[in-house]
Amino acid sequence: MNIITKPYVNAFLNFARNKPEVLCISADLTSSCEVDQFRDQFPERFFSMGMTEQHTLSFCGGLAMEGFRPFFHTFSVFLYRRPFDQLINSIAYSNRKVRLMGFLPGITTPGGITHQAIEDIAVLRSVPNMTLLETGDATEVETVLEVADAVEGPVYVRILRGLVPRLFETPFRFNQLRPLSQGQDVLVLSAGITTEEAMRASKALAAAGVSITHLHASTLKPFAKQQFLDALHNIKYGIITLENHTVVGGLGSIVAEILAEAGIGKKLIRLGLQDTFAQGASRPYLMKKYGLDAMALIAAIENLLQQSTGITENDLQTIRLDEVHSVAKAEAL
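In my numbering, the protein residues as written are 70 to 402.
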């Protein structure tokens, strides 16, 4: 595994270069959303709308109605909190092909409540016609654009920026759970930045004799229900979800709904923000404080197994996927 610097920059350039109908929309956060090079190379297809998210969503709906393919880039919180009415009436209701590229999802920013999109999945998966995608590594950042563009209707994408680890060799696959390990004791589902933490935990768990099936979820709406149910067949103890989001309405709720509707009585533990806002601090600090990291997953698995694995923080440090990444300075806004 290695670390890629700003994988979205070239991904968007390469995707849009020969597609004149693709337009890049910004809301005063052009460089922060890594589309400044597109602005410089294709100024006639770039629109900076300023801090007018309500107006911009309506504008994007109009562009889509005229046959353009607008990709609106801003921080995740500004795509749905402030302009929710316009999102419903100008985009979702009319099923417009608008791509909402949301940067700084969850606690990937030290910006605190005003910049941390911790309930975006809960809000947007309740909106009819809306598709929800989330990237978990550099490969998915590089390959999500074609996937999003192929959807008939609006798409919201949680995008990673800056220094992004490359965890996967194969591209983003629409509505497929990515199998990362196979086992019989516990089923772990993770999404976004929590997948790297779950992979760290998996290595330590394997060494401790605990067998887990680990699935990475990158399409959150729709959801690969049957693939999830198939993975449950031989699981002995239960399921753990790990997400960069509140546990209310996100990945954990998706799984709980599927289990309830299928009448499956497996125990479920949901790891994520426990119905709380997060502080403003570095990502590693926040992941540890709110139980989104590898050690939190270890503790949850011990709870399911009703036994100690003997795994310590020091054990996890020795198998951290990338030491440079783990101590990377928190990104500025």
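Heads up, the beta-carbon is just placed ideally off N, CA and C, and yes, glycines get one too.
Quick caveat, the model's predicted, so the values are computed rather than measured.
Sequence-distant residues of its chain with Cβ nearer than 6 Å to residue i (five each side left out)
| i | result |
| --- | --- |
| A85 | V91 |
| P174 | S145, A186, R227 |
| A270 | A363, L366, I367 |
| R247 | H285 |
| A260 | E203, A286, E312, L320 |
| F115 | C93, R108 |
| V216 | F241, F243 |
| I294 | As written in the sequence, residue 294 is Lys, which differs from the Ile given in the question. For K294, where only same-chain residues beyond five positions count, the Cβ hits under 6 Å are I327. |
| P152 | E122, Q123, L126 |
| V167 | C129, A133, P139, I160, P223 |
Alpha carbon of residue i to alpha carbon of residue j, nearest angstrom
| i | j | result |
| --- | --- | --- |
| L249 | T200 | 24 Å |
| E221 | S163 | 11 Å |
| L132 | A365 | 45 Å |
| I262 | G349 | 17 Å |
| T378 | P89 | 55 Å |
| I73 | C102 | 16 Å |
| Q376 | T178 | 35 Å |
| Q251 | A275 | 11 Å |
| A161 | A277 | 48 Å |
| L337 | D97 | 41 Å |
| V233 | P197 | 31 Å |
| S351 | K358 | 11 Å |
| L282 | I333 | Per the sequence presented here, residue 282 reads as Thr, with Leu not at that position. Approximately 18 Å between the Cα atoms of the pair. |
| D384 | R165 | 49 Å |
| I327 | F292 | 10 Å |
| A397 | T310 | Unreliable placement is indicated for A397, whose pLDDT of 42 sits below 50; the coordinate value is still reported in the next sentence. Rounded to the nearest angstrom, the two C-alpha atoms are 26 Å apart. |
| F137 | N79 | 21 Å |
| D254 | A325 | 19 Å |
| T381 | D218 | 43 Å |
| N83 | T345 | 39 Å |
| V279 | H184 | 38 Å |
| V317 | Q386 | 30 Å |
| I308 | Q245 | 18 Å |
Cβ neighbour criterion (16 or more within 10 Å) applied to residue i
| i | result |
| --- | --- |
| I323 | buried |
| F297 | buried |
| S195 | exposed |
| P419 | The chain is shown from 70 up to 402; residue 419 falls before or after that span and cannot be answered. |
| G171 | buried |
| R302 | Residue 302 is actually His in this sequence, not Arg. Exposed, by the Cβ-count rule. |
| F147 | buried |
| S100 | exposed |
| T143 | buried |
| F140 | buried |
| D206 | buried |
| M134 | exposed |
| A347 | buried |
| A331 | exposed |
| A300 | buried |
| A329 | exposed |
| N87 | exposed |
8 Å CB neighbourhood of residue i in its chain, flanking five on each side removed
| i | result |
| --- | --- |
| D154 | Q123 |
| E238 | T208 |
| S159 | L126, S127, C129, G130, G131, R165 |
| E371 | S377, T378 |
Minimum Cβ-Cβ distance from residue i to chain D less than 9 Å
| i | result |
| --- | --- |
| Q106 | The structure shown contains no chain D; it holds only a single protein chain. |
Contact belief for residue i with residue j at Cβ below 8 Å, rounded distance in angstroms
| i | j | result |
| --- | --- | --- |
| S95 | M120 | At roughly 11 Å, the Cβ-Cβ gap does not stay under 8 Å, so S95 and M120 are not in contact. |
| H285 | T315 | Incorrect: roughly 20 Å between the Cβ atoms, too far for contact. |
| R230 | Y77 | 6 Å |
| L202 | T288 | 6 Å |
| L373 | Y306 | 4 Å |
| E266 | L361 | 7 Å |
| V224 | L169 | 7 Å |
| A369 | L340 | 6 Å |
| M356 | I176 | 7 Å |
| K272 | I304 | The Cβ separation is near 20 Å, so there is no contact. |
Other residues of its chain near residue i: CB distance less than 7 Å, five sequence neighbours each side excluded
| i | result |
| --- | --- |
| T212 | P240, F241 |
| F81 | V104, F107, L214 |
| A399 | Reliability of the predicted coordinates at A399 is poor, the pLDDT of 44 falling under 50, and no value is obtained from them. |
| Y149 | L156, D189, V192, L193 |
| K290 | R194, M199, T200, L201 |
| V210 | P76, Y77, A80, T204, I228, L229, V233 |
| L390 | For L390, the pLDDT reaches just 48, beneath the cut-off of 50, and the residue's location in the model is therefore unreliable, although a value from the coordinates is still provided. For L390, where only same-chain residues beyond five positions count, the Cβ hits under 7 Å are M70, P234, E265, M268, R269. |
Bridge partner(s) assigned by DSSP for residue i
| i | result |
| --- | --- |
| G171 | T143, R227 |
| V252 | Position check: residue 252 holds Gly in this sequence, whereas Val was assumed. Answer is none; G252 lacks a bridge partner. |
| V91 | R138 |
| A186 | P174 |
| H285 | R247, S259 |
| F84 | DSSP, once it has assigned bridges, lists no residue as partnering F84. |
| N71 | R235 |
| T310 | L258, R339 |
| K290 | L201 |
| S117 | S95 |
| T125 | DSSP, once it has assigned bridges, lists no residue as partnering T125. |
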